[in-house]
Amino acid sequence: MTDRRGASVSEYEAPLFLAWQLTNRCTARCLHCCEESGPDKAWKAELSREEALSLARQAVKLSIPYAAFGGGEPLGVPHVWEIFDILHAGGTRLKIETNGLLIDDAAAERLSGYAEPCVQISLDGASPAVHESVRPGGDFRGVLCAVDALVRRGIKPELVFVPTRRNLADAPAVYQAAVRMGARAFVTGPMMRLGRAAEEYELLAPSAEEWFLCVSALKALHQKLGEPIALSIYPWDIAEECRVRLQSPQAMMLVVPDGKVKLLNALPFACADLREQSLKEAWQAYRKAWKHPAVAEFIARIPKDLSLLKHANETWPPESWSERAA
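Residue 286 in the working numbering sits at position 296 of the sequence shown, and the numbers go up by one each step.
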């Protein structure tokens, strides 16, 4: 395996992390969804089975250590297990971000055959009423069953909680549920002003003070209980994340459902097309793209013009960047 150690992303010969959105289709239509996913929201030209399996084989050939699958609901893609099998056989570790509703005993058993998979399951309330009000089309009891199926097979999932004004008060109780059910981590962070979440952001997002008090309560509870599981709280809002990533890009490649490669979920810049370029070629384009002046100018404008984030789920080709970002 090639040594990829280096001080900056430009020194890595391949991504350390492949973030792959297999589909934008999902059984739920969550109010806070960054991707505007839903039952009828699959992209028109999502990668075919053959294209997806080819990409998985390329990832193995490049010895990419980690691959994370999101969407939409990745487990709803018919060929997802074939992708997982290829990556697992090639030594790539798996992370699956899911609503949990397709994890029955058979799926949990299959996941247990992979090398310590990281499974993140969304739980946005301590009761069916709260969870399902934030996640229309969701199923609170289905989440609990999925967690139980995994834990019984030695897989400790991470529970992900997105704070909104509808569920913020439930955060401590959901943390306690995560401890009680045998999760290995409780993951949260500020609601991101992207996709569907941006449509009614002012009505849905907690204030800065409300979020601060919630974080303080979670940290106090974590300490009071003796830190039984990991408490992971994302530190930045989306504008700050863009600024930080510009200064220090991650050795990560984001692939959206149609095979385009983007710099970041919040940014519309698509630097490569995996239908036309190899994964290795796309990586070179990714490293170069972060230095494009249009990217820096766009990111600098976001704090003063949050309407720019409405473009987050678009995919601008490189030849249009200077004009469209102006």
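Just so it is clear, CB atoms sit at the ideal spot from N, CA and C, and this is done for glycine as well. Please read all numbers here as calculations on a predicted model, not as lab measurements.
- The C-beta separation of P126 from A229 comes to about 28 Å, leaving the pair out of contact by the 8 Å criterion.
- Between the region 39 to 54 and the region 144 to 155, the count of C-beta pairs closer than 8 Å stays below three; the two stretches do not touch.
- From the listed residues A210, A168, S297, L208, the smallest Cα separation to E192 is found for S297.
- Fully contained in the region 143 to 176 are the following beta strand (DSSP E) runs of length 3 or more, in chain order: 148 to 151.
- The continuous stretches of beta strand (DSSP E) do not include C204, which lies in the alpha helix (DSSP H) extending over residues 198 to 214.
- Its chain contains P196, E200, C204 as the residues whose beta carbon lies nearer than 7 Å to that of L158, once the 5 sequence neighbours on both sides are disregarded; these appear in chain order.
- Annotation: V246 to Q11 spans about 5 Å, alpha carbon to alpha carbon.
- Measuring C-alpha to C-alpha distances from A96 to each of P153, A136, Q110 identifies A136 as the nearest.
- By the Cβ criterion, the region 264 to 283 is not in contact with the region 215 to 227, since fewer than three pairs of Cβ atoms, one from each stretch, lie closer than 8 Å.
- A distance below 9 Å separates the beta carbons of F259 and V285.
- Annotation: R83 to A105 spans about 7 Å, alpha carbon to alpha carbon.
- Here Q110 has E87, E148, V150 as same chain residues with Cβ atoms under 6 Å from its own Cβ, once five neighbours each way along the sequence are excluded.
- Under the three-state reduction of DSSP, D129 is assigned to coil, being neither helix nor strand.
- Judged by pairs of C-beta atoms under 8 Å, the region 20 to 29 touches the region 175 to 189, as three or more such pairs exist.
- For A275 and G60, the gap between their C-alpha atoms comes out near 23 Å.
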